[in-house]
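Residue 1173 is where the sequence shown starts when you use the working numbering, and the numbers rise one by one after that.
Where is the CB? At the ideal position from N, CA and C, for every residue including glycine.
Structure first, commentary second.
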Amino acid sequence: FDVRALVELGRVGAVVPSPCGRWAAAAVERLDADGVAYVCDLWRVPLDGDGEPLRLTVGDHQDKAPCFRADGALGFLSDRPRSGAPRDQEPRAQVWILPAAGGEARPLTDEPLGVDAFAFAAAGDRLVVMTSLRPRLAREDQHAAADKRMTTSALHYRSMPVRYWDHWLPDAVPHLVAFDQQGRGRRDLVPMPGYSLLNEATWAVSPDGAVVAYCPGLLNRSDRIYDRPLVVVDCETGARRTVAEGAGVVHADPVFSPDGRRVAALRYTRTPIRYGPKTLWCYDLDAAPGEGAAPGEGARELTGAWDRWPTPWCWTADGREIIATADDEGRHPVFAVDADSGAVRSLVPVAAGGTHACVALVPGRAALLCLRHTLLSPPEPHLVPLDGAAAPTRVAALSGLDEGLTQAAVTARELTVDVGEGRVVQAFVLEPAAPAQGGGDPESFLWIHGGPVSAWLDQWHWRWNPLVMAAQGYTVVMPNPAGSTGFGQRWVDGVWGNVWGGRCYEDLSLFVDALEADQGLPARAMTCMGGSFGGYMTNWIGGNTDRFRALVSHAGLFSMTGFYSRTDMPSWWLLMMGDTPYHDPISFDRYAPSRLVARWKTPALIIHGEKDFRVPLGESLALFEALRFHGVDAELLVFPDEHHWILRPPNIRAWYDKVLDFVARHPVAAGEAR
């Protein structure tokens, strides 16, 4: 197994059960004929073990986001050209439909700037799409305005933010638009949205199609961050009602009960001293108050006593439980939450491990359909019994991975290390069957996760895939220090505030001490690397110790003050830091790697995508210049066409090849650490 095998695997991105419950539709990305980009096909997957998966669509298009209509027809997003469309027209995704009885797909929508997302009502005559429109411009004029050759490229802003991840915020903004299920009777449900539906706004359609619940972003002027109330809008009249809101309150991931009378949603309140806890709430739409609503009658917090951050996916058919997933000590299982008491039960045995997503109830069966994956196996469709009595069962193998070969080459295990004060750092270790030896020592990677509020899980990661390194003979260790999710709110609190280089660094240092003492993995043969926050921590390590063989920093922060002025979300950065550089710049930069760069001795590979607006390229350029000025053996790898993640197949190959080559060119020095 190597990076070429990784790139060539099928990537199952979504799976959804049909209304009859006998089969499912899956979206699977594959390499195009030239091997330079991914295209996406839809597959029919039997759920009763009868027959093999069947490809439903094929071509050089993006056919994705499958969603069934109530009559069994399969809707999906596709950028395939419409009949009669001009040859030079830029491909834009629209909603297409495959009839339940078979036949050719046909388009249901013709939105000028394309469709970003859509959903059918489970049991009603309703289609809702999210589509962008330019303000103050009639819909019939939007097509002409979409022609980039005829319009200026100038963008004019009056407030922050102005960028998001890899793009400037456009003048066109998302709207929620309702149709009947045939794509007729168009109604704009949010005619003047502003930026409220940009970025991370989530929404859901009620089972009967009568209303849509959504979580618009409303700028809080005190901290310049978006609050997100829970709002319902009537699809016939456009009348809106705020179900719940509050200063600093964020709602996400609304899910309707089967009768449409209740909505489950994630809710949390942000403060300068704490991120979370995130808890599951249930809102009774019949009892919930109107405009200006705060929690009270009709609103119940269900998981306040459960020290995890759940994501709701669906309800059980009887409306008694809400199905959710959550990080849980290095795993991401499926849970059932009682809609009245909030009692939580796990549906996946601990021994089964794994990560689960895209969870849906299978009609007519006491089972859930989901995508499940582990460190050694990519996402595949699985069935999870609702009683939790058995491990999930795979219903199709769509990725093409030969798991026998990978599991013979690499094994995965869990490791825990006591770092004192009652604190235990959990980690995953991937060990090769044929370990590489450098200077008589086993060669290894210490891979630090991003976030910092995130975690390494028992999961397959398309971007950060440790199996590639392990299959080349390296032991890969992935720790979950302070800031990692799934270990309780106190663990997350350990990295919130201007403490990035504090407890988390101490956890990692003590963890590496234990690797040397108890696991036979000396730091002198270990490459420390990470991306984003992991890149920051790698940079901070570079100025604090020279115990490692080499350092690889991807999109890492170098200066706290410099990062604040350039990142796409400066207000979030101020919230996390708890202060501003204008008030006390010295204190603000106390954990900045730039302060300690003169002490850096370890060879370093610095990697960045030029289109990265979250951690802008300037951070890595400044680091590279500082290291070269101080005579450190440093190299810079830039991807001009990539952003925070490296996504194009040729660039994915180059990223792993360059990292492995850099490590190979910096051999282990025998004897004591430098």
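Pick out whichever of the options has its Cα sitting closest to the Cα of residue i.
i, options, result
"residue 1526", "1434, 1516, 1563 and 1517", "1563"
"residue 1357", "1364, 1309, 1605 and 1407", "1407"
"residue 1848", "1435, 1341 and 1335", "Nothing can be reported for residue 1848: it is not among the residues displayed for the chain, which extend from 1173 to 1846."
"residue 1657", "1641, 1737 and 1503", "1503"
"residue 1245", "1277, 1258 and 1629", "1277"
"residue 1655", "1621, 1636, 1635 and 1795", "1621"
"residue 1774", "1826, 1205 and 1834", "1834"
"residue 1305", "1288, 1295, 1292 and 1294", "1288"
"residue 1368", "1237, 1422 and 1327", "1422"
"residue 1330", "1324, 1341 and 1337", "1341"
"residue 1349", "1272, 1416, 1267 and 1220", "1267"
"residue 1449", "1539, 1471, 1482 and 1409", "1482"
"residue 1578", "1592, 1638 and 1539", "1638"
"residue 1206", "1179, 1497 and 1188", "1179"
"residue 1745", "1441, 1710 and 1396", "1396"
"residue 1717", "1754, 1673 and 1575", "1673"
"residue 1227", "1241, 1202, 1221 and 1242", "1202"
"residue 1183", "1175, 1593, 1190 and 1212", "1212"
"residue 1378", "1393, 1295, 1390 and 1413", "1295"
"residue 1471", "1580, 1829, 1431 and 1451", "1451"
In the DSSP output, what is residue i paired with across the bridge?
i, result
"residue 1415", "Partner(s): none; residue 1415 has no beta bridge."
"residue 1365", "In DSSP, residue 1365 forms no bridge with anything."
"residue 1236", "1249"
"residue 1626", "1656"
"residue 1183", "1201"
"residue 1709", "Looking at the DSSP assignment, residue 1709 forms no beta bridge with any residue, so it has no partner."
"residue 1725", "1702 and 1778"
"residue 1494", "1487 and 1509"
"residue 1291", "1300"
"residue 1171", "This structure gives no information on residue 1171, because the portion of the chain shown stretches from 1173 to 1846."
"residue 1620", "1702"
"residue 1440", "1422"
"residue 1849", "As displayed, the chain neither begins before 1173 nor continues past 1846, which places residue 1849 out of reach and without an answer."
Apply the 10 Å Cβ neighbour rule to residue i and answer buried if 16 or more other Cβ atoms are within range, or exposed otherwise.
i, result
"residue 1801", "exposed"
"residue 1551", "buried"
"residue 1363", "exposed"
"residue 1258", "exposed"
"residue 1312", "exposed"
"residue 1455", "buried"
"residue 1192", "exposed"
"residue 1173", "buried"
"residue 1224", "exposed"
"residue 1501", "buried"
"residue 1814", "buried"
"residue 1229", "buried"
"residue 1616", "buried"
"residue 1261", "exposed"
"residue 1609", "exposed"
"residue 1409", "exposed"
"residue 1439", "buried"
"residue 1757", "exposed"
"residue 1464", "Its pLDDT being 44, under 50, residue 1464 is placed unreliably by the model, and the measurement read from it follows with that caveat. Label assigned to residue 1464: exposed."
"residue 1327", "exposed"
"residue 1846", "Residue confidence is low: residue 1846 scores 41 on pLDDT, short of 50, so the model does not pin down where it sits. No coordinate-derived value is stated."
"residue 1749", "buried"
Can you tell me the Cβ-Cβ gap for residue i and residue j, rounded? I've got them flagged as a contact below 8 Å.
i, j, result
"residue 1265", "residue 1234", "7 Å"
"residue 1821", "residue 1209", "7 Å"
"residue 1533", "residue 1489", "6 Å"
"residue 1864", "residue 1721", "Because the chain in this structure spans residues 1173 to 1846, residue 1864 falls outside the shown range and cannot be described."
"residue 1848", "residue 1446", "Residue 1848 cannot be examined here, being either before or after the span of the chain that is shown, 1173 to 1846."
"residue 1573", "residue 1181", "6 Å"
"residue 1196", "residue 1541", "6 Å"
"residue 1436", "residue 1484", "5 Å"
"residue 1765", "residue 1715", "6 Å"
"residue 1293", "residue 1420", "Actually they do not touch by this definition, with Cβ atoms about 33 Å apart."
"residue 1310", "residue 1300", "Contact doesn't hold; Cβ gap of about 22 Å is too wide."
Quick check: is the beta carbon of residue i nearer than 8 Å to any beta carbon in chain B?
i, result
"residue 1838", "You won't find chain B in this structure, because it holds only one protein chain."
### Task
Inspect the CB distances between the segment 1688 to 1706 and the segment 1520 to 1538 and report whether three or more fall short of 8 Å.
no
### Query
Does the segment 1715 to 1732 come close enough to the segment 1640 to 1654 to have 3 or more Cβ pairs within less than 8 Å?
no
### Query
Should the segment 1777 to 1788 be regarded as contacting the segment 1803 to 1822, the criterion being three or more beta carbon pairs within less than 8 Å?
yes
### Task
Could you say if the segment 1423 to 1431 and the segment 1373 to 1393 meet the contact criterion of at least three C-beta pairs nearer than 8 Å?
Three or more Cβ pairs closer than 8 Å define a contact, and the segment 1423 to 1431 meets that threshold against the segment 1373 to 1393.
### Query
Touch check for the segment 1624 to 1640 and the segment 1600 to 1616: three-plus C-beta pairs under 8 Å?
yes
### Message
Contact between the segment 1579 to 1586 and the segment 1663 to 1677 is defined here as three or more beta-carbon pairs at a separation below 8 Å; is this criterion met?
### Response
no
### Task
Could you tell me whether the segment 1789 to 1799 touches the segment 1672 to 1686, using the rule of 3 or more Cβ pairs below 8 Å?
no
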